[in-house]
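Engineer: All residue numbers for the sequence shown refer to the working numbering, where the first residue is 5 and numbers rise by one. Positions of the beta carbon are idealized from the N, C-alpha and C atoms, including for glycine. Note that the coordinates shown come from a computational prediction; the quantities given were computed from them, not determined experimentally. Shown below is the structure under consideration.
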Amino acid sequence: INGDGVLKIKVTKVGEETFLAGIKRLILEAQRSKSKLQVLADIFAKYLTFIAIFIGSLSFIILFLLKKDISFALERFVTLLVIYCPHALGLAVPLVVAISTSLAVHHGFLIRNRLQLELSRKIDIVLFDKTGTLTSGKFRVKEIVLFQKLNEREILQFSASLNQFSQHFIAQGILEKAKEAKIEILKVEDFENLPGKGVKGKINGKVYYLGGDNLLKNLDLKTPKIGTIGTIAYLVDENKNILGAIVLEDEIRKESFEAVRELNKSGVKTAMITGDKKEVAEKVAQGLKIDEYFAEVLPQEKVEKVKELQKRNLKVMMVGDGINDAPALMQADVGVAIGAGTNVAIESAGIILVRNDPRDIVSLVKLSRATYRKMMENLFWATGYNVIAIPLAAGILAFKGILLSPALAAVFMLLSTIIVAINALRLKNFK
5 INGDGVLKIK
15 VTKVGEETFL
25 AGIKRLILEA
35 QRSKSKLQVL
45 ADIFAKYLTF
55 IAIFIGSLSF
65 IILFLLKKDI
75 SFALERFVTL
85 LVIYCPHALG
95 LAVPLVVAIS
105 TSLAVHHGFL
115 IRNRLQLELS
125 RKIDIVLFDK
135 TGTLTSGKFR
145 VKEIVLFQKL
155 NEREILQFSA
165 SLNQFSQHFI
175 AQGILEKAKE
185 AKIEILKVED
195 FENLPGKGVK
205 GKINGKVYYL
215 GGDNLLKNLD
225 LKTPKIGTIG
235 TIAYLVDENK
245 NILGAIVLED
255 EIRKESFEAV
265 RELNKSGVKT
275 AMITGDKKEV
285 AEKVAQGLKI
295 DEYFAEVLPQ
305 EKVEKVKELQ
315 KRNLKVMMVG
325 DGINDAPALM
335 QADVGVAIGA
345 GTNVAIESAG
355 IILVRNDPRD
365 IVSLVKLSRA
375 TYRKMMENLF
385 WATGYNVIAI
395 PLAAGILAFK
405 GILLSPALAA
415 VFMLLSTIIV
425 AINALRLKNF
435 K
């Protein structure tokens, strides 16, 4: 509790820019957007109105000509208009949409594109980006391998210095290790990011490179054999001498095991995509029992892997969090971004996971299926009701003495709407 002291507060976002305001905005957008079933229901309700008026008018004319009783014919016409219930059709989908959108927030994901929520029930395969999605994304240094005269501290110092401007998971792991070892970070000049390869910079007047296998290939260097399995960053000098290597490992999330298992139970295949070496990817894939994986994939190649799966007639859900995931998220049938990821990834996705928990993907698929089921139940009821009620109100069974009064027709109309509402509310029991 701050009594008489000075409290300095830095406001980064205000009003409509805050996280909560963003959630509210996404919910409203999702509820306003129309699903395919809702569009279909609206069209059907429109034509059903014309059909009801036509049948009512035809009934009025026929009954008047047969009975010569205008009051009886008019009563049938009014009864038909009363019992006809476009409300049930009109509410069949929007009520379910409103409830499912709220449930989505409760289960940890936000809907930016309603059609993608609908499509989630048809997904054949979920393609996970490995780092930061299936794994914690917190790399730790496992081993430092020496190839030249430099010692471990020097290898770590040069590597950390080159990475001081990077937000990459691997860079953060190296910097964390340097911090633990209390190693001084050196000044880097002419820093350059090498997309898909690594980084380059000048330290103490000499040029150094830091990166993985793709960097070595680019420099026409052979990859040295290292017995330890892990993600490897090589330090190379300006004369193309490999000075050393840092082996890092990334821990698999406990939640990932359950997510993959539950998706398989639901009949959905799983796949993993990563820029890591094949041995690293294989170890993670086997540990999680993932159906297939793509290793050593460059950032710009991720979208091609999504297309490759789609060419196999598979409906693909892509789950990622980085800038380089954005094209793949847009290409996928359903794009899901991790809320803790980059703004570019979030803007490219149709669905956002608020919690960085892969198990929410399971909830997403199940909610999509439950939502569709409720929509179909409501549409089936509303359509069936009108198909039976309209001819009955028109007096199709009048020759058997079965006639509905306008008052009774009003009761049936109200009950029809209530049944649709109650059925939609049952979706709240979703867990």
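Along the chain, which unbroken stretches of the beta strand (DSSP E) at least 3 residues long are found entirely within the segment 148-174?
Structural biologist: DSSP runs (the beta strand (DSSP E)) wholly in the segment 148-174: none.
Engineer: Counting C-beta neighbours from all protein chains within 10 Å, is the total for Arg116 16 or more, i.e. buried, or is it exposed?
Structural biologist: So Arg116 ends up on the buried side.
Engineer: Whose CA, out of Lys311, Phe434, Val424, lies closest to the CA of Asn382?
Structural biologist: Looking at the Cα atoms, Val424 is the closest of the given residues.
Engineer: Do Gly215 and Pro303 have their CB atoms nearer than 8 Å?
Structural biologist: Result no, Cβ atoms of Gly215 and Pro303 do not sit closer than 8 Å.
Engineer: Name the two residues that bound the continuous alpha helix (DSSP H) containing Ile294.
Structural biologist: No alpha helix (DSSP H) contains Ile294, which DSSP labels as neither H nor E.
Engineer: Pull up the distance between the alpha-carbon of Leu408 and that of Asp128, whole angstroms please.
Structural biologist: One C-alpha to the other measures close to 50 Å.
Engineer: Between which two residues does the beta strand (DSSP E) harbouring Phe113 extend?
Structural biologist: Residues 113-115.
Engineer: With a threshold of 7 Å on Cβ separation, who are the neighbours of Asn433 within its own chain once the five nearest residues in sequence on each side are excluded?
Structural biologist: Within the same chain, Asn433 has no close Cβ partners at all.
Engineer: Output needed for Glu296: all residues of its chain with C-beta closer than 6 Å, excluding positions within five of it in sequence on either side, in chain order.
Structural biologist: Excluding positions up to five away in sequence, the list reads Ala275.
Engineer: Counting only the same chain and skipping the five closest in sequence on each side, list residues whose C-beta sits under 7 Å from that of Val145.
Structural biologist: Correct list, in chain order: Gly177, Ile178, Lys181, Ile250, Leu252.
Engineer: Which residues share a DSSP beta bridge with Met321?
Structural biologist: DSSP lists Val130, Val338 as partners of Met321.
Engineer: Pairs of beta-carbons, one from the segment 305-323 and one from the segment 129-148, closer than 8 Å: are there three or more?
Structural biologist: Taking 8 Å as the limit for Cβ pairs, the verdict is that the segment 129-148 does touch the segment 305-323.
Engineer: How is Ser316 classed by DSSP in three states: helix, strand or coil?
Structural biologist: What sits at residue 316 in the sequence shown is Arg, not Ser. Here Arg316 sits in coil by DSSP.
Engineer: Assuming Leu431 is part of the beta strand (DSSP E), what are its boundary residues?
Structural biologist: Leu431 -> no beta strand (DSSP E), and no H or E assigned at all.
Engineer: Relative to the alpha-carbon of Pro410, which residue among Ile426, Glu158, Ala393, Lys404 has its alpha-carbon at the smallest distance?
Structural biologist: Closest by alpha carbon: Ala393.
Engineer: If distances are taken between C-alpha atoms only, which option among Ala332, Pro331, Asp329, Ala353 comes closest to Val340?
Structural biologist: For the residues Ala332, Pro331, Asp329, Ala353, the minimum Cα distance to Val340 belongs to Ala353.
Engineer: Going by DSSP, what residue range makes up the beta strand (DSSP E) through Glu196?
Structural biologist: Residues 193-198.
Engineer: Report the residue ranges of all alpha helix (DSSP H) runs contained in full by the segment 352-416; include only those spanning at least 4 residues, in chain order.
Structural biologist: Segments of the alpha helix (DSSP H) lying fully in the segment 352-416: 363-398.
Engineer: Could you give the C-beta distance for Ile233 and Glu156, rounded to a whole number, given that I count them as a contact under 8 Å?
Structural biologist: Not quite, the Cβ-Cβ distance comes to about 20 Å (not below 8 Å), so this is no contact.
Engineer: Where does the unbroken beta strand (DSSP E) through Lys269 begin, and where does it stop?
Structural biologist: From DSSP, Lys269 is part of no beta strand (DSSP E) but of the alpha helix (DSSP H) over 258-269.
Engineer: Cα separation between Lys16 and Val358?
Structural biologist: A small fix is needed here, since residue 16 is Thr in this sequence, not Lys. If you take the alpha carbons of Thr16 and Val358, they lie about 20 Å apart.
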